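Residue numbers (this note's numbering): 27 to 168.
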Amino acid sequence: MDGIKDIRILFKSPNATEESFELKNARGRLIRVEEGIIAIFDEITTTQTADCVRCGKPLTRKIKFKPGEWLFYDKKPRNYDDANELLRIDINRFQIDLGEPIRQEIEMHINPYPHCKKECKKYPPAEKEGVKALSGLKDLLK
Ligand SMILES: [Zn+2]
27 MDGIKDIRIL
37 FKSPNATEES
47 FELKNARGRL
57 IRVEEGIIAI
67 FDEITTTQTA
77 DCVRCGKPLT
87 RKIKFKPGEW
97 LFYDKKPRNY
107 DDANELLRID
117 INRFQIDLGE
127 PIRQEIEMHI
137 NPYPHCKKEC
147 KKYPPAEKEG
157 VKALSGLKDL
167 LK
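This is the structure in structure tokens:
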């Protein structure tokens, strides 16, 4: 996924300067702030292809959502202890990589257990559990 954006001009602009961007599967705005550059995604679209967890039929689902904001720091902030979430501006090339936040947003929004909309044939494990839970409930209500 190519999400490399050149931010040479934006980076040298005063704080609150805004610039819009459009990628193949995402669009939004970049805003210059004191700490670096904020990427605000207005929309991300992607297609999830996976097999139904019940019957194994291949499914294709289009996903479209409104994601959040991501801050790219120009330098590592002091007292920052969560290295996983730290996004950095490539100061040498004046670039940011929007691919990483997009990947994380998609991971957060895809359904980890996709299944057919209508009930499909092989559906034993979840149903059994449901019955068990219900009979447990009956005991409680007695
Ligand atoms: Zn199915």
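Quick reminder that beta carbons are idealized off the backbone N, C-alpha and C, glycines included.
Computed from a predicted model, the values in this text were never measured in an experiment.
Identity of the residue in the options nearest residue i by Cα
i	options	result
glutamate 145	Arg104, Pro127, Cys78 and Phe91	Cys78
asparagine 51	Thr71, Lys90, Glu61 and Pro127	Thr71
proline 84	Phe91, Gln74 and Pro93	Gln74
isoleucine 136	Phe91, Tyr106 and Asn118	Phe91
phenylalanine 67	Arg87, Asn41, Gly82 and Glu45	Glu45
glutamate 69	Arg104, Pro93 and Arg87	Pro93
arginine 129	Trp96, Lys143 and Arg104	Trp96
proline 140	Phe120, Thr86 and Ile115	Thr86
arginine 34	Leu124, Ile132, Glu133 and Asp116	Asp116
isoleucine 64	Met134, Phe47 and Pro138	Phe47
tyrosine 99	Asp28, Ile122 and Asp32	Ile122
lysine 102	Glu131, Gly54 and Glu60	Glu60
serine 39	Ile30, Leu56 and Leu49	Leu56
aspartate 28	Gly125, Cys81 and Gly82	Gly125
Helix, strand or coil at residue i [DSSP, three-state]
i	result
isoleucine 35	helix
glutamate 111	helix
arginine 55	strand
threonine 43	coil
aspartate 77	strand
glycine 162	The pLDDT assigned to glycine 162 is 49, lower than 50, so where the model puts this residue is not dependable, and the model offers no usable value.
isoleucine 117	coil
glutamate 145	coil
Limits of the unbroken alpha helix (DSSP H) element including residue i
i	result
proline 127	125-135
Segment limits, beta strand (DSSP E) that includes residue i
i	result
threonine 86	84-91
Identified DSSP bridge partners for residue i
i	result
leucine 169	With the chain represented from 27 up to 168, any question about residue 169 goes unanswered, as that position is not in the structure.
isoleucine 30	Asp123
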